[in-house]
Amino acid sequence: MPLLIFIGLVALLGWGLTQDPEKVPSPLIGKPVPQFSLPTVSSPTGAVTPERLEGQVYLLNVWASWCVACRQEHPVLMEASRNHPNLAIIGFDYKDKRADARRWLRERGDPYDLSLFDPAGEVGIDLGVYGVPETFVVDSKGIIRHKHIGPLTRKELRNTIMPLVRELRAES
1 MPLLIFIGLV
11 ALLGWGLTQD
21 PEKVPSPLIG
31 KPVPQFSLPT
41 VSSPTGAVTP
51 ERLEGQVYLL
61 NVWASWCVAC
71 RQEHPVLMEA
81 SRNHPNLAII
91 GFDYKDKRAD
101 ARRWLRERGD
111 PYDLSLFDPA
121 GEVGIDLGVY
131 GVPETFVVDS
141 KGIIRHKHIG
151 PLTRKELRNT
161 IMPLVRELRA
171 ES
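Residue numbering for the sequence shown follows the UniProt record's numbering, starting at 1 and increasing by one per position.
This is how it looks when you write it as structure tokens:
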């Protein structure tokens, strides 16, 4: 009996090691963006809610100035912002300091239509964020339709994100 348990555990571990860690399913796919009221990086006054973002298909990109992988992703977001002027990209600055986030955007460029500020990471927890960067595709009704974990690449943007954005726009 212990041998069978050992074989079963080895088989399970072996299967797990063959899975792509960026394909972690999100329990929020098909559900509304969780409720929040957050200021932006640029302004500590006022608040943005999911309702304010409805009516458009958008990318919600979770980033932080301290995130090394975000440096890899940032040029892709800048390029997407330039090449797809109708693509709404909403930043979500996660567990950061406002001054550091502002400096990051000033020095590297700002691809975001606006960037939400979640210094304690409380809303990030509701979104199921466990690392940065992460990018969500949200439809015009505020429903999360896709989640990409890790740095967004040109290939991912071209082959997955933009086709989904076009499909969601056609549906709305």
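Idealized CB from N, CA, C, for every residue including glycine.
Please specify which runs of the beta strand (DSSP E), each continuous and at least 3 residues long, are wholly inside the UniProt domain "Thioredoxin" (27-166), giving them in chain order. 58-63, 88-94, 114-118, 134-138, 144-149
For GLY55 and GLY142, the rounded distance between their alpha carbons
8 Å
Check your understanding: Quick one: is ASN159 buried, meaning 16 or more other Cβ sit within 10 Å of its Cβ, or exposed?
Key -> exposed
**Asked** How about VAL57 and ASP139: are their beta carbons less than 9 Å apart?
**Response** yes
Can you round the beta-carbon distance between LEU38 and ASP113 to whole angstroms, since I take them to be within the 8 Å contact cut? Actually they are not in contact, since the Cβ atoms of LEU38 and ASP113 sit about 14 Å apart, beyond 8 Å.
Can you tell me which of ILE144, ASP96, GLY124 puts its alpha carbon nearest to the alpha carbon of residue 179? The requested residue 179 does not occur in the structure, where the chain is confined to residues 1 to 172.
For GLY109 and ALA170, I'd like the C-alpha separation in whole angstroms. 30 Å
task: Return yes when the Cβ of GLY131 is within less than 9 Å of the Cβ of GLU149, no when it is not.
output: A small correction: the amino acid at residue 149 is Ile; Glu does not occupy that position in the sequence shown. For ILE149 and GLY131, yes; Cβs fall inside 9 Å.
Item to check | Cβ-based neighbour list, ALA120, same chain, cut-off 8 Å, excluding 5 preceding and 5 following | outcome: LYS95
(request) To the nearest angstrom, report how far apart ILE5 and PRO27 are at their CA atoms. (result) 30 Å
Measure the C-alpha to C-alpha separation of ARG52 and GLU156 and round it to an integer number of angstroms.
27 Å
Exposed unless 16 or more other CB atoms sit within 10 angstroms - verdict on VAL10
exposed
Q | CA-to-CA distance, GLY91 to LEU152, given in whole angstroms | A | 13 Å
- What do you reckon, are the CB atoms on LEU127 and LEU168 nearer than 9 Å? no
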